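These notes are about the structure you will find just below.
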Amino acid sequence: MKVVLFSIGDFHVHSYGTIVALAVLLAWGVAHYLSAGTPYREHLDRLAVYLIVGALVFARAWHVFFFQWAYYSKHLHEIAYIWQGGIAIQGALIGGMAAMFVYTRKYRISFWGMADVLAPAAVLGQAIGRIACFLNGDAYGSPTGSGFGIVYPEGTMAYAEYGAQPLWPAEVWEGQWDMIVFVLLLLLKSRRMPAGALFLAYNMLYSTGRFMLEMLRGDSPRYLFSWTAGQWTSFGVFAASLILLGVLALRNRRVGEGLAQDKSVRAG
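Per my numbering, the sequence shown starts with residue 141, numbered consecutively.
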């Protein structure tokens, strides 16, 4: 774990920002690769501006209102100080989806088609991004109560909260789960599915893992049922995605039946 990778005089290169930048670049490269031969590739670079703005705004708002509102409610002027840290990946994902919806409506292209292209790239970026959390000592777990776990060094948020106690490697396991989801999405991509199904599968797979791993988190306030904001968000996203997947499957079935009837009429 290393919060600052290296320093040149008073200029410090932080591990978090460096790894997040790498995650974004690699995810965008994968998106370009997966979009080859589709009408969506020419839109990716323009879409990037929308995604960055939407993701940053929502990621910051999610963190402020669901994780540290007790602090920011008394320091409202610091809400915009994003350079001091404090963003939430689930907020970034929801903000990115909202921005993508605006973009696809503006340019009259399929939201679901674009979402399917970006889904594997997004979860790969999340997997790499959790390395940044590990190096930075945030998104940490709760004490294991045993000799097993990660002992964070002084200078990290985890150490400030729990000292030298071994903590569950929640962020490490989440990054590993994200890599599994990435591979599963690549496998599912080769199957015939309704447009949007791959994206919804991503939402459901990621949300399932995130919900379970949130039980081990030690940095999140808890609400109703002692669920964290991450668990409530995961539950909501999973439920909405399941409903939408059912709607897409039903619509696809009706379209197939309509085409079959049309062919039957023509043959007659």
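We treat Cβ as the ideally placed atom computed from N, Cα and C, and that holds for glycine.
Because the structure is a prediction, the values reported are computed rather than measured.
Measuring straight from C-alpha to C-alpha, what distance separates E354 and G269? 17 Å
Endpoints, beta strand (DSSP E) assigned at L364:
No beta strand (DSSP E) holds L364; DSSP gives it neither H nor E.
Residues bridged to L307 (per DSSP): DSSP lists P283 and I290 as partners of L307.
- Specify whether the stretch 273–292 and the stretch 173–186 touch according to this definition: at least 3 beta carbon pairs, one from each stretch, less than 8 Å apart. no
| field | Nearest-angstrom beta carbon gap, A199 and I219 [assumed within contact, 8 Å] | value | 13 Å between Cβ atoms; not a contact.
> Secondary structure at S175, three-state DSSP: helix, strand or coil?
Replying inline: coil
In whole angstroms, what is the alpha-carbon distance linking I192 and W168?
-> Going from the Cα of I192 to the Cα of W168 covers about 12 Å.
| message | Taking 8 Å as the cut-off, does the stretch 325–339 touch the stretch 287–296 (at least 3 CB pairs, one atom from each stretch)? | response | no
Should V170 be labelled buried (16 or more other beta-carbon atoms within 10 Å of its own) or exposed? buried
query: Going along the chain, which residues of its own chain have a beta-carbon closer than 6 Å to the beta-carbon of S381, five neighbours each way excluded?
result: L340, N343 and M344
query: Mind checking A161: buried by the 16 CB within 10 Å criterion, or exposed?
result: Looking at its Cβ environment, which holds fewer than 16 other Cβ atoms inside 10 Å, A161 is exposed.
Burial state of F207, where buried means 16 or more other Cβ atoms lie within 10 Å
buried
_For D150 and Q305, the rounded distance between their alpha carbons_ = One C-alpha to the other measures close to 32 Å.
Checklist entry - Count the other CB atoms within 10 Å of the CB of V377; is the residue buried (16 or more) or exposed (fewer)? => result buried
Straight-line gap, S147 to Y156 (C-alpha atoms, nearest Å):
14 Å
Roughly how far, in whole angstroms, is the beta-carbon of Y410 from the beta-carbon of G358, given that I think they are within contact range, below 8 Å? Since the displayed the chain opens at 141 and closes at 408, residue 410 lies outside it and no answer follows.
Cutoff 7 Å; reference N392; Cβ partners in own chain excluding five residues on either side:
P334
**Prompt:** Taking DSSP as the reference, what is the three-state secondary structure of I219?
**Reply:** The answer is coil: DSSP assigns I219 none of H, G, I, E or B.
Legend entry - Spatial distance of A201 from F251 (CA atoms): 24 Å
Can the beta-carbon of E314 be found closer than 8 Å to that of R350?
-> yes
Best match in V143, T348, G194 and L275 for proximity to P309 [C-alpha to C-alpha]: Of V143, T348, G194 and L275, the smallest CA-CA separation from P309 is found for L275.
- request: Please report the residue range of the beta strand (DSSP E) in which I148 lies.
  value: For I148, the enclosing beta strand (DSSP E) stretches over residues V144 to I148.
* To do: Use the C-beta contact count for R394: other C-beta atoms within 10 angstroms, 16 or more gives buried, fewer gives exposed.
  => exposed
*Whole-angstrom Cβ separation of F322 and A279, contact assumed at under 8 Å?*
So it is not a contact: roughly 19 Å between Cβ atoms.
query: Using a Cβ-Cβ cut-off of 7 Å (strictly less than) and excluding sequence neighbours within five positions of L338, which residues of its own chain qualify?
result: Answer for L338: D256, A259, L325, L328 and K329, listed in chain order.
For a test of the three-state rule: what should DSSP assign to V405, helix, strand or coil?
Any reading at V405 needs caution, since the residue's pLDDT is 47, under 50, leaving its predicted position unreliable; the model's value is listed next. V405: helix per DSSP, three-state reduction.
What is the residue span of the beta strand (DSSP E) that H154 lies within? F151 to H154
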